[in-house]
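These notes concern the structure reproduced below.
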Amino acid sequence: MPELDVPLPDDFFQLPKLSPTDVDRYREFGRRASREMLDFTKLKGGRVDWALHSNNSSVNVYVGTQAKLPVHLTRTEVETTLDEVRDVCMKTTVSGAREFQAKFQPVVLDKVRLYNLTLPTPANSYLYQSLNWSIVDTPLRGLVIKRRDITYIEHHEFMEIDGRKAYVQAMSSIEIPGVPDLEDMFHIIRGELVHNGIIFIETDRPGILELMTVHQNKPNGKGNGAMGNFIMRKYVRSHYQAVVNLKRMIRAHQLSQLTFIDQFRLPPLHTQSKCQVCLKAFASAQKGHCRHCAKIVCIRDCSAEWDLEQGALKFSVRICKLCSKHVSSQPLLQYQTPRETTESISSWSPDDLIRYEEEAYDSISELGDSTRCRDYSIDLQ
Numbered sequence: 609m610p611e612l613d614v615p616l617p618d619d620f621f622q623l624p625k626l627s628p629t630d631v632d633r634y635r636e637f638g639r640r641a642s643r644e645m646l647d648f649t650k651l652k653g654g655r656v657d658w659a660l661h662s663n664n665s666s667v668n669v670y671v672g673t674q675a676k677l678p679v680h681l682t683r684t685e686v687e688t689t690l691d692e693v694r695d696v697c698m699k700t701t702v703s704g705a706r707e708f709q710a711k712f713q714p715v716v717l718d719k720v721r722l723y724n725l726t727l728p729t730p731a732n733s734y735l736y737q738s739l740n741w742s743i744v745d746t747p748l749r750g751l752v753i754k755r756r757d758i759t760y761i762e763h764h765e766f767m768e769i770d771g772r773k774a775y776v777q778a779m780s781s782i783e784i785p786g787v788p789d790l791e792d793m794f795h796i797i798r799g800e801l802v803h804n805g806i807i808f809i810e811t812d813r814p815g816i817l818e819l820m821t822v823h824q825n826k827p828n829g830k831g832n833g834a835m836g837n838f839i840m841r842k843y844v845r846s847h848y849q850a851v852v853n854l855k856r857m858i859r860a861h862q863l864s865q866l867t868f869i870d871q872f873r874l875p876p877l878h879t880q881s882k883c884q885v886c887l888k889a890f891a892s893a894q895k896g897h898c899r900h901c902a903k904i905v906c907i908r909d910c911s912a913e914w915d916l917e918q919g920a921l922k923f924s925v926r927i928c929k930l931c932s933k934h935v936s937s938q939p940l941l942q943y944q945t946p947r948e949t950t951e952s953i954s955s956w957s958p959d960d961l962i963r964y965e966e967e968a969y970d971s972i973s974e975l976g977d978s979t980r981c982r983d984y985s986i987d988l989q
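Throughout the sequence shown, residue numbering follows the working numbering, covering 609 to 989 in sequence.
Here you go:
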C-alpha cells in the first residue's frame, strides 16, 4: 500500500464551494467548541476532576477523564502580551499554518488550511475561523500503530474570562466536504479532536499571561479503549514539549524586534579572555558575539542561537542572556536600542544579504498562497 507523501500537493483535495448556510453552521460550531473547551480549564468545580501528573519550574501537567476519554491540561506563565501571542499563533495561509505547526508540534506531519471562514479585520483582529486537515505521526512512524488524520475547525477569539482579557484558540473535529477517508488508500485512520485548545489570560501582573492548553483526543480504529488511553498517555510528554516550543516561539518573535550589529563592526574575539556576562575565563573556542550588544560571551551558558524573522528575511543570530531578558521585560516600542549614527540599525553580512534576496524571491511565489484556502469571510460575514 502506498504511503501518503507530505506536504500534500495543492490539488490533493477537491473542495466544493460552501453554501452560506454551511458557513454559518461551521462558524457557530467553532464558537460553541471554544466555550466547551474553556469549561475544561477549571481546576476545581469544573467538568473534570483534575489530578496533578507532573510539575517543574515552568509547566504543570494535569490529567483527568471525561466521557471515558483521558484529557490533559497544562498550565504555565509567559512574559508577553495578547497582541504578541496573536501575531505568533494566528496564521491564515497554508504556508504560515504549516510553518507554525512544524515548530509548535513536530508530531503533526502536515497541516492544510482548507477554508477560511472568518478573517481578522481591523475592528476585530482576534476573530479568525478556518477549516483544516492535519496528519499526525504515531510511534515507529506508523509501522505498528497507524497514523491518524483529522478534519477540524480552528476558532480564534478575544474574550473576557472572569473579568480578565483572554485570547482563545479552540480546535474541534468536524466533517468537511471534499476530504474523504484515507484508510483504504493509505492506511490512515480518521481521528478526532474532542476538546483541544490554547488559552492566554492576562494576570494581575503587567506583561505576564497565564498559558493553558487542553487536549482530549479520540484516536478511533484499534486505538480506542485501553489501547487508545495508553497512546494518549504517551502523548503527555508531547503536550508538555509543545508548551515549551510555544514559549520559545513567542520569545523568538520578541527578539526579532531587536536591532543587530554588522558582523564587521564586532570587536575581535581575542580582545576578551573572560565572558562579559558571567566574567568567567573562556575555555578554548567557547566564545562568541552577542549580535545585539556586541559583548563577547560564553556560547553555552550565557548566550543562545536564535532563528529569527524580520519580514521575508529569516536568519540566525547569537543573543546573550542579558539582552534576551531585557526584551521580555520591555514594551515592544522599547525593544530597539539607540546606537551611534555611524552604526547600521538593522544590517547584515554579505551572506545575510544573499539570504534576504533569496527569501524575497521565494516570497513572490507565495503571494497567492491564500487562494489555496477557500475564503468565505468577505461576502458572508
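Positions of the beta carbon are idealized from the N, C-alpha and C atoms, including for glycine. All figures in this text were calculated on a predicted structure; none of them were measured in a lab.
I'd like the span of the beta strand (DSSP E) that includes residue 896, first residue to last.
Position 288 of the sequence shown, counted from the first residue, corresponds to residue 896. Residues 895-897.
Are the beta-carbon atoms belonging to residue 898 and residue 911 less than 7 Å from one another?
Indexing the sequence shown from 1 puts residue 898 at position 290. Indexing the sequence shown from 1 puts residue 911 at position 303. A contact, by the Cβ cut-off of 7 Å.
At the level of alpha carbons, what is the spacing between residue 706 and residue 821?
Within the sequence shown, the letter at position 98 stands for residue 706. Within the sequence shown, the letter at position 213 stands for residue 821. One C-alpha to the other measures close to 20 Å.
Rounded distance between the beta-carbons of residue 758 and residue 738, thought under 8 Å:
Numbered from 1 along the sequence shown, position 130 holds the residue referred to as residue 738. Numbered from 1 along the sequence shown, position 150 holds the residue referred to as residue 758. Actually they are not in contact, since the Cβ atoms of residue 738 and residue 758 sit about 13 Å apart, beyond 8 Å.
Could you check the C-alpha separation between residue 651 and residue 792 for me, to the nearest Å?
As a working note, residue 651 is residue 43 in the sequence shown. As a working note, residue 792 is residue 184 in the sequence shown. Distance between the alpha carbons of residue 651 and residue 792 is about 42 Å.
I'd like to confirm the pairing. Which residues does DSSP put opposite residue 914 in its beta bridges?
In the sequence shown, the residue the question calls residue 914 occupies position 306. Its beta-bridge partners are 925.
Are there three or more Cβ pairs, one per stretch, closer than 8 Å when the segment 717-725 is compared with the segment 609-619?
Three or more Cβ pairs drawn from the segment 717-725 and the segment 609-619 lie within less than 8 Å of each other, which places the two stretches in contact.
Where residue 727 falls, given that 16 or more other Cβ within 10 Å makes a residue buried:
The residue labelled residue 727 in the question sits at position 119 within the sequence shown. Answer is buried; the Cβ neighbour count reaches 16.
Identify the continuous alpha helix (DSSP H) that holds residue 789 and give its terminal residues.
On the sequence shown, residue 789 is found 181 positions in, with the first residue counted as 1. Element bounds for residue 789: n/a, residue is neither H nor E.
Might you give, ordered along the chain, the residues of its own chain that have their beta carbon closer than 8 Å to the beta carbon of residue 745, omitting 5 neighbours on each side?
The residue given as residue 745 occupies position 137 in the sequence shown. Taken in chain order, the residues that qualify are 715, 716, 717, 755.
Per DSSP, what are the beta-bridge partners of residue 846 in this structure?
Counting from one through the sequence shown, the residue named residue 846 turns up at place 238. DSSP links residue 846 through a beta bridge to no other residue.
In this structure, how does DSSP classify residue 900 when only helix, strand and coil are distinguished?
By one-based count along the sequence shown, residue 900 stands at place 292. DSSP places residue 900 in coil when its eight states are reduced to three.
Simplified DSSP state of residue 983, which is helix, strand or coil:
Counted from its first residue, the sequence shown places residue 983 at position 375. Strand at residue 983.
Using the beta-carbon count (16 or more within 10 Å), is residue 742 buried or exposed?
For the purposes of this step, residue 742 is taken as the residue at position 134 of the sequence shown. Classification of residue 742: buried, given that the 10 Å Cβ count is 16 or more.
For residue 620, three-class secondary structure by DSSP:
Translated into the one-based positions of the sequence shown, residue 620 becomes position 12. If DSSP states are grouped into helix, strand and coil, residue 620 belongs with coil.
Could you tell me if residue 878 is buried or exposed, where buried requires 16 or more neighbouring beta carbons within 10 angstroms of its beta carbon?
Residue 878 sits at position 270 when you count from the first residue of the sequence shown. That one is exposed.
Nearest to residue 646 by CA position, among 811, 892, 823, 687, is which residue?
In the sequence shown, the residue the question calls residue 646 occupies position 38. Closest option to residue 646, Cα to Cα, is 823.
If I measure Cβ to Cβ from residue 886 and keep anything under 6 Å in the same chain, skipping five residues before and after, which residues do I get?
The count along the sequence shown starts at 1 and reaches residue 886 at position 278. So the qualifying residues of the chain are 910.
Length of the line joining the Cα atoms of residue 925 and residue 771:
Here residue 925 corresponds to residue number 317 of the sequence shown, with the count starting at 1. Here residue 771 corresponds to residue number 163 of the sequence shown, with the count starting at 1. Looking at the two C-alpha atoms, the distance is approximately 40 Å.
Could you check the C-alpha separation between residue 863 and residue 696 for me, to the nearest Å?
The count along the sequence shown starts at 1 and reaches residue 863 at position 255. The count along the sequence shown starts at 1 and reaches residue 696 at position 88. One C-alpha to the other measures close to 13 Å.
By Cβ distance below 8 Å, which residues in the same chain neighbour residue 668 in space, the five residues on each side in sequence not counted?
Numbered from 1 along the sequence shown, position 60 holds the residue referred to as residue 668. For residue 668, where only same-chain residues beyond five positions count, the Cβ hits under 8 Å are 660, 662, 682, 683, 684.
Nearest-angstrom Cα separation, counted from residue 905 out to residue 960
In the sequence shown, counting from the first residue as 1, residue 960 sits at position 352. In the sequence shown, counting from the first residue as 1, residue 905 sits at position 297. Since pLDDT at residue 960 reaches only 42, below the 50 mark, its modelled position is unreliable, and the value read off the structure follows with that caveat. Cα to Cα, residue 960 sits roughly 22 Å from residue 905.
For residue 919, count neighbouring C-beta atoms within 10 Å of its own C-beta (all shown protein chains included) and say buried if the count is 16 or more, exposed if not.
Mapped onto the sequence shown, residue 919 falls at position 311. Flag for residue 919 reads exposed.
What does a CB cutoff of less than 6 Å around residue 794 pick up in its chain, not counting 5 residues either side in sequence?
Translated into positions along the sequence shown, residue 794 becomes position 186. Counting only Cβ-Cβ distances below 6 Å, and skipping sequence neighbours, we find 612.
Given residue 965, which residues of its chain have a CB within under 6 Å of its CB, disregarding the five upstream and five downstream residues?
Locating residue 965 in the sequence shown gives position 357, where the first residue counts as 1. A caution first: residue 965 carries a pLDDT of 38, below 50, which makes its placement in the model unreliable, though a value can still be read off. Once the five neighbours on either side are set aside, residue 965 has no close Cβ partner at all.
The alpha helix (DSSP H) that contains residue 628, what's its start and end?
Residue mapping note: residue 628 aligns to position 20 of the sequence shown, counting from 1. Where residue 628 is concerned, the enclosing alpha helix (DSSP H) stretches over 628-646.
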